[in-house]
Amino acid sequence: MRTDVPHAPPSEHYSFEEVSPGITLARARPDGTALSNAGLVDLGGSTLVFDTGLTLRAARDLRAAARALTGRSPSLSANSHWHLDHILGNQVFDDRPIHATRRTAEILLEKRAELEAEVRPDRLRADIEQFESELRAATSPRGRAPYEAVLRIHRALLAEAAELRITLPTTLFEGELRLPGERDARLLTFGSGHTESDAMLFLARDRVLFAGDLVVTGTHPNLVSGDPVHWLEVLDEIDRLRPERVATGHGPLGTLESVAEVRDYLTTLLELAGEPGDPPIPSRFRHWTEPDQFRTNLASVRARPRVA
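Residue 211 in our numbering sits at position 210 of the sequence shown, and the numbers go up by one each step.
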């Protein structure tokens with residue numbers, strides 16, 4: 002059963018929903034600066050934060066909520082993958098171990114200069130100027146909305162730019178890592194999917210899975226950094242775990258039905274990518290948020306090298 006957590010501290014960036022006693026989904030608010038969901042888990046004697054958000058202010062809200070909900074500051078954190086909206090808050094948790102797959106840490110190290118350049122003040126100011134120009138040219142509320150959202154995020158990052166740094170994970174694993182405590186908590190990876198290396202948190206006793214961006218609800222997933230063919234295999238592995246609740250990287254709390262919806266989306270994109278022309282968004286996906294991602298995903302799949 003999903004309920005709001007009444008004793009969680011107020012946050013502009015997250016709403017807090019109890020997934021199971023001691024397990025909380027921190028769902029990114031659409032008008033906040035977290036951008037992606039996170040998890041707060043009382044492991045029994047220690048507290049875990051799964052994914053750390055895009056901004057320092059959002060990450061600080063996670064830290065405050067963890068203490069309020071479990072009675073202790075986070076003992077460890079984990080990153081599902083390398084995208085900034087899941088790791089840029091790491092520095093708020095750098096006094097304790099930060100877990101990730103070994104390949105995720107390698108990618109962050111390889112891309113560190115590139116990612117840090119994305120959040121430099123000069124780059125952010127230039128991007129803001131460009132988005133403001135595009136906002137002025139938009140002629141409808143629907144056309145203006147995406148620019149207003151991205152401007153809000155960029156302005157928040159600019160306000161923190163002097164502090165921001167890429168903070169690498171410190172505790173690395175491959176395959177599976179069992180965490181301390183009474184929940185039978187495990188960090189798992191089945192390889193590439195949404196990115197070259199994705200991690201999930203499986204709480205076996207509670208049948209709860211934090212899936213990162215491997216599973217999203219009500220929004221178009223991002224295929225640009227991933228491998229949609231192997232992603233389908235990862236979804237099969239998730240099915241085998243038989244979670245009852247799936248905490249998604251974006252959108253509301255899901256179930257195995259949410260996994261099936263992402264499988265349908267990936268299968269459909271792979272089929273459409275093999276056909277000529279510019280197909281419309283299939284009707285069952287048209288109500289999802291981020292509709293522009295559909296065209297980006299289609300182009301990305303078509304650009305992937307084909308295996309003979």
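By construction, the Cβ of each residue, glycine as well, lies at the ideal position given by its N, Cα and C atoms. If you're wondering where the values come from, they're calculated on a predicted model, not measured in any experiment.
Excluding its 5 nearest sequence neighbours in each direction, ARG64 has C-beta neighbours in its own chain below 8 Å: VAL50, SER74, PRO75, VAL93, PHE94, listed in chain order. Counting only residues of its own chain and dropping the five nearest sequence neighbours on each side, ARG156 has a CB closer than 7 Å to the CB of ILE129. By the CB criterion at 8 Å, VAL230 and PHE191 fall outside the cutoff. Between the alpha carbons of PRO147 and GLU291 lies a gap of roughly 9 Å. Approximately 7 Å separates the beta-carbon atoms of SER81 and GLY250; this is inside 8 Å, confirming the contact. Taken in chain order, the whole beta strand (DSSP E) runs of length 3 or more contained in the segment 84-123 are 99-102. If you ignore the 5 residues before and after GLY33, its C-beta comes within less than 6 Å of the C-beta of GLU13, HIS14, all in its own chain and listed in chain order. For SER12, the three-state secondary structure derived from DSSP is coil. Judged by DSSP in its simplified three-state form, LEU57 adopts helix.
A Cβ-Cβ separation of about 27 Å leaves PRO22 out of contact with ALA101 under the 8 Å criterion.
Taking each of THR297, GLU262, LEU267 in turn and checking the Cα distance to ASP279, the smallest one comes out for THR297.
ALA60 and THR71 do not touch by the CB rule: their CB atoms are close to 17 Å apart, not below 8 Å. Distance from the CA atom of ARG166 to the CA atom of GLU117, rounded to whole angstroms, is 7 Å. Within its own chain, the residues whose Cβ lies closer than 7 Å to the Cβ of LEU125, once the five positions on either side in sequence are excluded, are HIS155, LEU158, LEU159, ALA162, listed in chain order. Cβ-Cβ distances below 6 Å link ARG187 to GLU177, ARG179, PHE203 in the same chain, with the five nearest sequence neighbours on each side left out; the list follows chain order.
Judged by DSSP in its simplified three-state form, PHE295 adopts helix. The beta strand (DSSP E) runs lying completely inside the segment 181-223 and spanning 3 residues or more are 186-190, 200-204, 209-211, given in chain order. A direct Cα-to-Cα measurement between LEU89 and ILE239 gives close to 26 Å. Here the alpha carbon of GLU111 sits roughly 29 Å from the alpha carbon of ALA150. Judged by DSSP in its simplified three-state form, LEU178 adopts strand. For SER78, the enclosing beta strand (DSSP E) has its first and last residue at 77-79.
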